[in-house]
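Peer 1:
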Amino acid sequence: MNESQNGPPNRELYALLHVSPEASDEEIRKAYRHWAQVYHPDKHQPPHMKEIATENFQRICEAYEILSDENKRQIYDIYGMEGLTSGLELGTKLNKVEELKEQLERLRQRKEQEKTLAHFLPSGTMLAALSLPQFLEGDGIMGGMAMSSEVHSQLSKSNTLAFGGNLEVNENSGGGGGAASVVLRHRMSSVSSIEFMVSAGLRALIGVQTTRHLSSHSTATMAVAMSLRDGSINLSNTWTRQLSETSSGSIQFLLGLESSIAVGWQKKDERVAAAGDLTIGTSSFGASAHYTHRFSKKSHGRIVGRFGSTALEIEVGGGRKISEFSTIRMMYSIGIKGIFWKFELHRGGQKLIIPILLSRHFNSLLATGAFIVPTSIYFVLKKFVLKPYYLKREKQKALENMVKTSGQVREAKAAAEKSQRLLQNVANRKRNKQMETGGLVITKAIYGASKALTKGDESASHVVDVTVPLNFLVNDSGQLKLHAGVKKSGIMGFCDPCLGEPKQLYVEYTYNGNSYKVVVDDYQELLIPQEAHRN
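Just so you know, we're using this note's numbering here: the sequence shown kicks off at 879 and counts up by one.
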């Protein structure tokens, strides 16, 4: 019983008994009795059917033995089957439930810490500004450089220490500078925290900031900072409120040498990210807005606008994810500072930004060409180079994975077919009974690779027919429920036909003489019948 690495872990035994991961002891006991009756060897006389029933009966008994034991269930929920077989690591000498819980908690925290350290990277940004007009004038192409970096260290569960610094060099003015900062953050409770900060360099200051969650939707932050150069004091107060599940708003008051009021709004969901802010100060004002639309899991478009007493520009561009941790982006910018191309590389917490100044003055021909030429080149490369390359690479990976796991998949399909034979008679009886009363009848159910189902490719190598087990699971009330958070390949009569690939379940059914169909993801709950599924 191998647990998948994708999605919620350690749920196969729950799927076998067809119960929720939050099921009570009584619900688990009831499910076990039901399935034990279905697969008990004495109920199947033909030798080959008795053999199949014995195999499945042993699986049901093993699942019940683990889930009905409080200690074993706790270990399974955290570490899966591997944890149950790793007796030495989990401490076989622990007899009390409290001791086991403490040991499991320590092991879980250690694993989380190891995982954090393994993926920990300091955040930082490097900016290299290039200037084409300066290069044509013979003064070199480099316009300036800037670097910033920050490292976080978790001192304890409640304390975090952050070190940061930045350095800037301007080629035109021949000047530059830098700053270093240290921030200590202490979590006072589950709803409040306090930060102490010290900065040296261009912005030498000391300050303190406190944050408190006023409610589940509102947060308040107050800060005071004193400059070590002129002794001036700045006070700020920020209020943030969750406006909906995907959007929030904020308002900030700043009192000091440059007093101001700022209002902000942001929204983010799976496909769209947008934000805007307006700042009005004693001697200046400004506003900005950005909108990002995700076209797919790998590509997005972005538009940014800024205007105010010192800025007026608009940026248009997009980016693409080139690996699990890396994204590239190109932006076109036009404003009072000139016409720019901007290239960005994001990898983990690191950013490389290269703005290229094409012209300091507005030129309609140059502005049009600077937008059209790179856009055209991108779409040509995407259509004739990048897309074919990525498709070829994905097909090659899928083929390698299919060859590597073909033996395991064949065994899993054979086991699923055997299980379905045992369910066939009862499933047919339930189906006939539902047909007589106009109840729920599963006419077609396919489980397998998401891509195959999307394209309508029901090739046996990518999907498996699960009509029989779903008809078997229909209850006497004419309803079917598959629990959320449970991988469907663990259900009796199911199997994983494409290891390592995203999977979905496609179901066609009839109810009260009407036809319905629905598609759900692997770990998504399925509850039918529903009027929303009607054709």
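Ideal Cβ placement from N, Cα and C applies to all residues, glycine included. Owing to the predicted nature of the structure, the values given are computational and were not obtained by experimental measurement.
1. Applying the 10 Å Cβ sphere with the 16-neighbour rule, what's the burial state of glutamate 1403?
2. Would you mind working out which of Gly1002, Pro1011, Leu1010 sits nearest asparagine 1044, comparing C-alpha positions?
3. Regarding lysine 1296 and the ligand ADP, is the C-beta to nearest heavy atom distance less than 7 Å?
4. Where do the N-terminal and C-terminal ends of the beta strand (DSSP E) with isoleucine 1214 fall, by residue?
5. Is it true that the CB of threonine 1118 sits closer than 8 Å to the CB of lysine 1145?
6. Alanine 1330 to alanine 1058, Cα distance in whole Å?
7. Can you tell me the Cβ-Cβ gap for threonine 1388 and valine 1341, rounded? I've got them flagged as a contact below 8 Å.
8. Using only alpha-carbon positions, find the residue among Arg1149, Leu1156, Leu1039 that is nearest to serine 1128.
9. Using beta-carbon positions only, say whether serine 1105 and leucine 1132 come within less than 8 Å of one another.
10. For leucine 1190, tell me which candidate among Ser1138, Arg1198, Gly1216 has the shortest Cα-Cα distance.
11. With DSSP as the reference, label alanine 901 as helix, strand or coil.
12. Use the C-beta contact count for alanine 1290: other C-beta atoms within 10 angstroms, 16 or more gives buried, fewer gives exposed.
13. In angstroms, rounded to a whole number, what distance separates the CA positions of glycine 1470 and phenylalanine 1350?
14. Leaving out five residues on either side along the sequence, give the residues of the same chain with a beta carbon under 7 Å from the beta carbon of aspartate 1399.
15. Quick one, which of Ser1297, Ser1328, Pro1380, Pro1233 has its alpha-carbon nearest threonine 1345's?
16. Using alpha carbons as the reference points, say which of Leu1236, Arg1238, Glu1046, Phe1221 lies closest to leucine 1230.
17. For isoleucine 930, which residues from the same chain have a beta carbon less than 8 Å from its beta carbon, with the 5 sequence-adjacent residues on both sides left out?
18. Inspect the beta-carbon positions of glycine 1085 and alanine 1098 and report whether they are closer than 8 Å.
19. Would proline 1407 and phenylalanine 1372 be called neighbours here (beta carbons separated by less than 8 Å)?
20. Where does alanine 1410 sit, in a helix, a strand or coil, going by DSSP?
21. Between which two residues does the alpha helix (DSSP H) carrying histidine 926 extend?
22. Under three-state DSSP, which class holds lysine 908?
23. I need the DSSP call for glycine 969, collapsed to helix, strand or coil.
24. Got a sec? Which residues, its chain only, sit under 6 Å from glutamine 1087 by beta carbon, not counting five neighbours each side?
25. Which runs of the beta strand (DSSP E), 3 residues or longer, sit entirely within the stretch 1126-1185?
26. Just list the alpha helix (DSSP H) runs in the stretch 1314-1380, keeping only unbroken ones of 4 residues or longer that don't cross its boundaries, in chain order.
27. Figure out for me which residue from Ile1019, His1168, Ala1294 has the closest Cα to the Cα of arginine 937.
28. With tyrosine 1394 as the anchor, note down where its beta strand (DSSP E) starts and where it stops.
29. With the cut-off set at 8 Å, would you say isoleucine 1232 and phenylalanine 1218 are in Cβ contact?
30. Evaluate valine 1258 with the Cβ neighbour count: other Cβ atoms within 10 Å of its Cβ, from every protein chain shown; 16 or more gives buried, anything less gives exposed.
31. For a quick check, are the C-beta atoms of lysine 1175 and arginine 1198 less than 8 Å apart?
32. Near glutamine 1032, what residues of its chain come up, given a Cβ to Cβ distance below 6 Å and the 5 sequence neighbours on each side ignored?
33. For glutamine 1228, which of helix, strand or coil comes out of DSSP?
34. Taking the CB atoms as reference points, tell me whether glycine 1055 and leucine 1080 lie closer together than 8 Å.
35. Which whole-angstrom value is the C-beta distance of glutamine 1312 and glycine 1368, which I expect to be below 8 Å?
36. Alpha carbon to alpha carbon, how far is arginine 1149 from glycine 1053?
Peer 2: Answer, in terms of the structure:
1. Counting Cβ neighbours within 10 Å, glutamate 1403 comes out exposed, since fewer than 16 surround it.
2. Ranking the options by Cα distance to asparagine 1044, first place goes to Gly1002.
3. Only the bare structure without any ligand can be found here, which leaves the ligand ADP out of the picture.
4. Unbroken run through isoleucine 1214: none, as it is neither H nor E.
5. At a Cβ-Cβ threshold of 8 Å, lysine 1145 and threonine 1118 do not count as neighbours.
6. Each residue's alpha carbon lies about 54 Å from the other.
7. Between valine 1341 and threonine 1388 the Cβ distance is about 21 Å, and since that is not below 8 Å, they are no contact.
8. Of the candidates Arg1149, Leu1156, Leu1039, the one whose C-alpha sits nearest the C-alpha of serine 1128 is Leu1156.
9. No, Cβ-Cβ distance for serine 1105 and leucine 1132 is not below 8 Å.
10. Taking only the C-alpha atoms, the option nearest leucine 1190 is Gly1216.
11. Alanine 901 falls in the coil class under three-state DSSP.
12. Counting other Cβ atoms within 10 Å of its Cβ, alanine 1290 reaches 16 or more and is therefore classed as buried.
13. Because the chain here runs from 879 to 1413, residue 1470 falls outside it and cannot be looked at.
14. Correct list, in chain order: Gln1382.
15. The shortest C-alpha separation from threonine 1345 is found at Ser1297.
16. Sorting Leu1236, Arg1238, Glu1046, Phe1221 by C-alpha distance to the C-alpha of leucine 1230 places Phe1221 at the top.
17. Non-local C-beta neighbours of isoleucine 930 in its own chain, meaning closer than 8 Å and more than five positions away in sequence, comprise His922, Lys1296, Ser1297, Arg1299, Leu1300, ordered along the chain.
18. No, the Cβ-Cβ distance between glycine 1085 and alanine 1098 is not below 8 Å.
19. Proline 1407 places its beta carbon 8 Å or farther from that of phenylalanine 1372.
20. Reduced to three states, the DSSP call for alanine 1410 is helix.
21. It spans 925-945 - the alpha helix (DSSP H) in which histidine 926 sits, taken as one unbroken run.
22. Reduced to three states, the DSSP call for lysine 908 is helix.
23. Interpretation of glycine 969 is limited by its pLDDT of 44, a score under 50 that renders its predicted location unreliable; the figure taken from the coordinates is listed afterwards. In the structure shown, the three-state DSSP call for glycine 969 is coil.
24. The beta carbon of glutamine 1087 is closer than 6 Å to those of Glu1073, Ala1101 in its chain, skipping five residues each way along the sequence.
25. Counting only runs of 3+ residues, the beta strand (DSSP E) found wholly inside the stretch 1126-1185 occupies 1138-1146, 1150-1159, 1163-1172, in chain order.
26. Complete alpha helix (DSSP H) runs here, min 4: 1328-1333, 1345-1351.
27. Distances from the CA of arginine 937 to each of Ile1019, His1168, Ala1294 were compared; the closest alpha carbon is that of Ala1294.
28. 1392-1399 is the span of the beta strand (DSSP E), which, as asked, contains tyrosine 1394.
29. No Cβ-Cβ contact shorter than 8 Å links isoleucine 1232 with phenylalanine 1218.
30. With fewer than 16 other Cβ atoms within 10 Å, it is exposed.
31. Going by C-beta atoms, lysine 1175 is not nearer than 8 Å to arginine 1198.
32. Excluding residues up to 5 positions away in sequence, Thr1038 lie with their Cβ nearer than 6 Å to the Cβ of glutamine 1032 in the same chain.
33. If DSSP states are grouped into helix, strand and coil, glutamine 1228 belongs with the strands.
34. At the C-beta level, glycine 1055 and leucine 1080 come within 8 Å of one another.
35. Not confirmed; about 25 Å, so no contact.
36. Cα to Cα, the separation comes out at about 42 Å.
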